[in-house]
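Residue numbers (the working numbering): 448 to 587.
Heads up, the beta-carbon is just placed ideally off N, CA and C, and yes, glycines get one too.
Read through the structure below, which is laid out as structure tokens, and then see the notes.
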């Protein structure tokens, strides 16, 4: 399990260095990446179809990616998912397009979706399936 935590810490650090606001979709009970983003001063929310047990220290909101509550994502610069089920991918891409924000996905192993998006090597392999057209507020 330690390797997985390394993966999430690496993803969280990469996102925290580039964005000020993020939403993790399908977080389950593993909030490691979101915790890294929050610890770096980023605004982060996590969503899942079910409320996980326990306390994570990171806000987790119940939301269905197939029928998202758009008000939850106001001001989000990036949405990301770690090991999402393949059937979630079209809904993730659609949400990123509606929000005009970046979409970053970490797949298990050599999985991918469609053309695989733009590959980002940050110590782990990430896939960027959508790039928002508005400039990141973190560069101003």
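Residue 545 versus 485, 499, 519, 573, residue with shortest Cα-Cα distance: Taking the first residue of the chain shown as position 1, residue 545 is located at position 98. Comparing Cα positions, the closest option is 519.
Complete runs of the beta strand (DSSP E) confined to the stretch 502–552 [at least 3 residues]: Here the runs fully enclosed are 507–509, 525–529.
Neighbourhood of residue 459 by C-beta, 6 Å cutoff - its chain only, sequence neighbours within 5 removed: Within the chain shown, numbered from 1, the residue matching residue 459 stands at position 12. So the list reads 480, 483, 484, once near-sequence residues are dropped.
Straight-line Cα distance separating residue 454 from residue 550: Against the chain shown, residue 550 aligns to sequence position 103. Against the chain shown, residue 454 aligns to sequence position 7. So the alpha carbons of these two residues sit roughly 17 Å apart.
Contact check, residue 474 vs residue 529, beta carbons under 9 Å: Within the chain shown, numbered from 1, the residue matching residue 474 stands at position 27. Within the chain shown, numbered from 1, the residue matching residue 529 stands at position 82. In this structure, the beta-carbon distance from residue 474 to residue 529 falls below 9 Å.
As assigned by DSSP and simplified to three states, the class of residue 453: Counting from 1 along the chain shown, the entry for residue 453 is found at position 6. When secondary structure is reduced to three states using DSSP, residue 453 falls in the helix class.
Residue 497, buried or exposed, once every other Cβ within 10 Å from all chains shown has been counted against 16: Taking the first residue of the chain shown as position 1, residue 497 is located at position 50. By the Cβ neighbour-count rule, residue 497 is exposed, with fewer than 16 other Cβ atoms within 10 Å of its own.
Limits of the alpha helix (DSSP H) - the one that residue 472 falls within: For the purposes of this step, residue 472 is identified with residue 25 of the chain shown, where counting begins at 1. Per DSSP, residue 472 belongs to no alpha helix (DSSP H); it is in the beta strand (DSSP E), 468–472.
Beta-carbon proximity of residue 563 to residue 574, cut-off 9 Å: As a position in the chain shown, residue 563 is number 116, starting the count at 1. As a position in the chain shown, residue 574 is number 127, starting the count at 1. With respect to residue 574, residue 563 sits close: the two C-beta atoms are nearer than 9 Å.
Environment of residue 525 [buried if 16+ CB atoms lie within 10 Å]: As a first step, residue 525 is located in the chain shown; it is residue number 78 there, counting from the start. The residue is buried, with at least 16 neighbouring Cβ atoms inside 10 Å.
For residue 490: DSSP bridge partner residues: As a working mapping, residue 490 is identified with position 43 in the chain shown. Answer is 468, bridged to residue 490.
Local conformation of residue 479 per DSSP, three classes: Here residue 479 is taken as the residue at index 32 of the chain shown, counted from 1. In the structure shown, residue 479 sits in a helix (DSSP, three-state: H, G or I).
Per-residue DSSP class, three states only, for residue 567: As a position in the chain shown, residue 567 is number 120, starting the count at 1. Residue 567: strand per DSSP, three-state reduction.
Opening and closing residue of the beta strand (DSSP E) in which residue 575 lies: Translated into the one-based positions of the chain shown, residue 575 becomes position 128. 572–577 is the extent of the beta strand (DSSP E) around residue 575.
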